[in-house]
Amino acid sequence: MGILDSKVPSGPLAEKWTKHKNKINLVNPANKRNIDIIVVGTGLAGGSAAATLAELGYNVKTFCYQDSPRRAHSIAAQGGINAAKNYQGDGDSAYRLFYDTIKGGDYRSREANVHRLAEESANIIDQCVAQGVPFARDYGGLLDNRSFGGVLVSRTFYAKGQTGQQLLLGAYSAMNRQINRGKIKPYNRHEMMDMVLVDGKARGIIARNLVTGEIERHSAHAVVLATGGYGNVFFLSTNAMGSNVMAAWRAHRRGAFFANPCFTQIHPTCIPVSGDHQSKLTLMSESLRNDGRIWVPKRIEDAQAIREGKLKPTQLKEEDRDYYLERRYPAFGNLVPRDVASRAAKERCDAGFGVNKTGEAVYLDFASAVQRYGKEEALTRGMKNADSKTITQLGKDIIEAKYGNLFQMYEKIVDENPYETPMMIYPAVHYTMGGLWVDYNLQTTIEGCYCAGEANFSDHGANRLGASALMQGLADGYFVLPYTIGDYLSNDIRTGAISTDSPEFEYAEKEVKDRINKLMSAKGQHSVDYYHKKLGKIMWDKCGMARNAQGLEEAIVEISALRADFWENVKIPGGTDGMNAELEKAGRVADFLELGELFAKDALTRQESCGGHFREEYQTEEGEALRDDENFKFVSAWEYKGEPKDAVLHKEDLVYENIELKTRSYK
Amino acid sequence: MKLNLKIWRQKDANTKGEMVDYTINGVEGDMSFLEMLDVLNEDLINKGKEPVQFDHDCREGICGSCSLQINGEPHGPDRLVTTCQLHMRKFNDGDTIVIEPFRATAFPVIKDLVVDRTAFDRIQQAGGYISVNTSGNTVDANATPIEKDKADDSFYAATCIGCGACVAACKNASAMLFTSAKVSQFALLPQGRVEATERVENMVRQMDLEGFGNCTNTGACEVECPKGISLENIARMNREYLSATVKG
Chain A
51 MGILDSKVPS GPLAEKWTKH KNKINLVNPA NKRNIDIIVV GTGLAGGSAA ATLAELGYNV
111 KTFCYQDSPR RAHSIAAQGG INAAKNYQGD GDSAYRLFYD TIKGGDYRSR EANVHRLAEE
171 SANIIDQCVA QGVPFARDYG GLLDNRSFGG VLVSRTFYAK GQTGQQLLLG AYSAMNRQIN
231 RGKIKPYNRH EMMDMVLVDG KARGIIARNL VTGEIERHSA HAVVLATGGY GNVFFLSTNA
291 MGSNVMAAWR AHRRGAFFAN PCFTQIHPTC IPVSGDHQSK LTLMSESLRN DGRIWVPKRI
351 EDAQAIREGK LKPTQLKEED RDYYLERRYP AFGNLVPRDV ASRAAKERCD AGFGVNKTGE
411 AVYLDFASAV QRYGKEEALT RGMKNADSKT ITQLGKDIIE AKYGNLFQMY EKIVDENPYE
471 TPMMIYPAVH YTMGGLWVDY NLQTTIEGCY CAGEANFSDH GANRLGASAL MQGLADGYFV
531 LPYTIGDYLS NDIRTGAIST DSPEFEYAEK EVKDRINKLM SAKGQHSVDY YHKKLGKIMW
591 DKCGMARNAQ GLEEAIVEIS ALRADFWENV KIPGGTDGMN AELEKAGRVA DFLELGELFA
651 KDALTRQESC GGHFREEYQT EEGEALRDDE NFKFVSAWEY KGEPKDAVLH KEDLVYENIE
711 LKTRSYK
Chain B
27 MKLNLKIWRQ KDANTKGEMV DYTINGVEGD MSFLEMLDVL NEDLINKGKE PVQFDHDCRE
87 GICGSCSLQI NGEPHGPDRL VTTCQLHMRK FNDGDTIVIE PFRATAFPVI KDLVVDRTAF
147 DRIQQAGGYI SVNTSGNTVD ANATPIEKDK ADDSFYAATC IGCGACVAAC KNASAMLFTS
207 AKVSQFALLP QGRVEATERV ENMVRQMDLE GFGNCTNTGA CEVECPKGIS LENIARMNRE
267 YLSATVKG
């Protein structure tokens, strides 16, 4: 096992978590009052963890770069949250959710973590409903469900296309209750710049007040990082503009191993890029694939005519359309997992069948759903001979009730009415499965430093199934971390308050200040965005939806050179003693310039294709991912040694005791 | 497109601000309003000047970070959109656009176009939650059926993004629409009824303490709300408040 001890409890899979909780050391309520915990990031994972830890009695300090925890990027999640409730009676169970998640992740996640996630999933729904999260309900007053990619049951709970918003506001209201009680002290518009270790343990952070520019020291008995993913390394992604890797990366520099950085999810249903000015990409929820059918023209000349504006998609006859997902994957059809759907879209567009000006878009068409729903609704209302106009209108109303906000969002951005003409979509960078390595307790390789939600690597393997990100964030925050952290803190009941006057704090603060001064003194010619966009282009071209050895080797050289140029030639106007967005961005891009190189290095090492990592050299004759379980059934965990080129690889072998590894097929 | 911009520049909360004129070329219709400002900022940085500071994050209309008073309207001339979803195709070549921060005593300016909206957080902290433990030992989620219409109304109230456009649109800088949306969400659900009296009293008290003005039913808030939060919520909050004070 080497230095990576996963601490997975022994015994039968379904009993591991219960047994573990029963054996964990507890902290007496009177002692919890003397223990401080820092939570960095206040999205679903951080917000729920902060609220629960405060409720248990710990003193919690939360940090976020936004002006309010309510703006964390979890708020943008659209489609839903999975839970094995089996309310639909369609055969769902915790085991099936576990199985789908492991299979969806291409057998590159840890069995025990995933089973625990499936077990806690049902609990999350109960909790959120009790908190007043208004999930969608049917006319009987019961909760409604829908399906997501990669599964054959309806287990996704939702609130229109704003599920993430409602769940985040639920966690935020739980936080507010604790803030009102004085148990959480919120530090908003603050950014964690470094982690402070005392005797090898995480004992605090150095933060920058983004309003005053002041560098602050904050101590605690443990530090929880719940800071999301690093998809913005690509510049263009579906992440919020401020999403960054700084906290996780600075912890990595202090000794936390970074796992599977190359596992990045490309989401198949995003609004295509429209031009060079574009700052970010907008996702259209995967739930749309429940009712939308994906197609491109069958004939290349039709695709060309559409691109030139000579032909409208609605003019193309049914038999002239290629519903390529339904053709290739009859069992799952349009609901294949994200990695499969993304690669299939790229394959069609690369072959010349793309439908927008740049040739990088496919159609997502609701016309047949409008007819199907319209007919059903007409019959339900007793209209046996409804005309086609009425049927279409009734159908559109149903679609609007289900996905209205997404259709509105599309129309605002693209300036086309998706009720009348099919949406255009293309894959875009969305979620990062890699992150800080954690053991079963969610502790990183730094003692006392924990990591939850998207920021850790543990539950999704090489690919995440839809509606599972919200599930992991809340399971980690509400139900896992608050238990497991107690085991560590039970040894801290006599420690007392941690001083911020120690040499360790002084040293870390000085390093942070030196780094800022170095950035400010570069006085070069190029803006931070100039470097970020260059990095993003390298990442997308050479570490994107498909990778090969040659491209990855080039990427490593190019990123390293770009990083050197950045430190020489970046230009940051303004000062350090107040709000300065350019300085904030510079610190983040400096980290992305290191992470990007490690990303490419990790992708180069993994000589197989799995999930979101598709190496062109390793594919079947039909163009599907070719996994190599014999040699790559492990988590790669990188140890920081200065430059990314010097990072040392450690392997955690993945042990499958309960699942037989199979070729992933959705045909 | 070539545009003339008049932008409010203010170094910090304690410094006097002023309108500054800028000219920008090559603006395309597909750009969002914030992307247009990105282009302006890139140009300013290249000239060695300080870029214009503005709040933004998700850029897909849901985080509520972006603000901006554009030609006198919060989030600009388009209906039901945030500034990040406002596209430049709504403007014409040669237009002059006035860009200011949201104006309200309770939203002090931090820098340029960035204002402090933490008053909204404090209103929520005063009672915008259901007092349930986060321990997960609750009843099954389907144990209490909720009428679809009630659940939907609660959801519509809950979709408020807390951007503050309602306050910026109101001549009295009132926070009634925001506060009432929060009150409504919980008032409509059986889970939230138990502490409804305390909730509405505490939240209204905090709203007044923060320095927001009174509601005089002009309805500008509803017109400018990017999420279409309805005035009905204000009526519902008034009923809740009245019944709370009667119960005393």
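Quick mapping for you: the protein sequence lines, in order, are chains A and B.
Counting from 51, one number per residue, gives the positions in the first sequence under the working numbering.
Counting from 27, one number per residue, gives the positions in the second sequence under the working numbering.
Note that CB positions come from ideal geometry on N, CA and C, so glycine has one too.
Pairwise C-alpha distance: residue j and residue i
i      : j      : result
B/Q111 : B/L203 : 22 Å
A/K563 : A/M243 : 10 Å
B/D142 : B/V46  : 22 Å
B/S200 : B/K116 : 29 Å
A/S223 : A/R121 : 13 Å
A/K360 : A/S329 : 30 Å
A/M51  : A/A144 : Summary for A/M51: the model assigns pLDDT 40, below 50, so the residue's position carries little reliability, and this model does not support an answer.
A/L63  : B/D166 : 25 Å
B/R225 : B/A152 : 8 Å
A/E644 : A/R677 : 28 Å
A/I125 : A/E397 : 32 Å
A/I74  : A/E647 : 39 Å
B/D83  : A/D117 : 11 Å
Under 8 Å between C-beta atoms of residue i and residue j
i      : j      : result
A/H123 : A/S293 : yes
A/A687 : A/F285 : no
A/L515 : A/P387 : yes
A/G527 : A/S56  : no
A/Q216 : A/V183 : yes
A/V639 : A/A572 : no
A/G342 : A/L414 : yes
B/P127 : A/E632 : no
B/L60  : B/I125 : no
A/G130 : A/T277 : no
Neighbouring residues, chain B, relative to residue i (Cβ below 8 Å)
i      : result
A/M629 : D38, Q79, I136, K137 and V140
A/G404 : Correct list: empty, because the minimum Cβ distance to chain B is about 18 Å.
A/D176 : G162, T164, V165, D166 and A167
With 16 other Cβ atoms within 10 Å as the buried cut-off, status of residue i
i      : result
A/Y716 : buried
B/N240 : exposed
B/G52  : exposed
A/I609 : buried
B/Q150 : buried
A/V479 : buried
B/V220 : exposed
B/A39  : exposed
A/I356 : buried
B/Q95  : buried
A/D370 : exposed
A/G402 : exposed
A/I350 : exposed
Option in the options with minimal Cα separation from residue i
i      : options                           : result
A/L192 : B/D178, B/I88 and B/Y182          : B/D178
A/H70  : A/N78, A/P79, A/V77 and A/S60     : A/S60
B/K137 : A/H700, A/N310, A/L260 and A/L531 : A/L260
A/I87  : A/I74, A/T102 and A/L76           : A/T102
B/K28  : B/L268, B/C189, B/V65 and B/T271  : B/V65
A/E427 : A/E410, A/K446, A/F416 and A/A417 : A/K446
The ligand ZN heavy atom lying under 7 Å from the CB of residue i
i     : result
B/I50 : Looking for the ligand ZN in the displayed structure turns up nothing, as the structure carries no ligands at all.
Under 7 Å by beta carbon: chain B residues contacting residue i
i      : result
A/R205 : Going along chain B, no residue has its Cβ under 7 Å from A/R205, so there is no contact; the nearest lies around 13 Å.
A/L192 : N168 and P171
A/R431 : Chain B residues near A/R431: none, gap ~17 Å exceeds 7 Å.
A/E105 : N159 and T160
Amino acids of chain B, ordered along the chain, whose beta-carbon sits closer than 9 Å to that of residue i
i      : result
A/E556 : Result: empty, since nearest Cβ-Cβ is about 29 Å, beyond 9 Å.
Beta-carbon neighbours of residue i, restricted to chain A and to distances below 8 Å
i      : result
B/Q211 : G182 and P184
B/H113 : K462, I463 and D465
B/E61  : H327, Q328 and S329
B/R231 : Correct list: empty, because the minimum Cβ distance to chain A is about 13 Å.
7 Å Cβ cut-off: residues of chain A touching residue i
i      : result
B/I125 : Neighbours of B/I125 on chain A: none; closest Cβ ~16 Å, over 7 Å.
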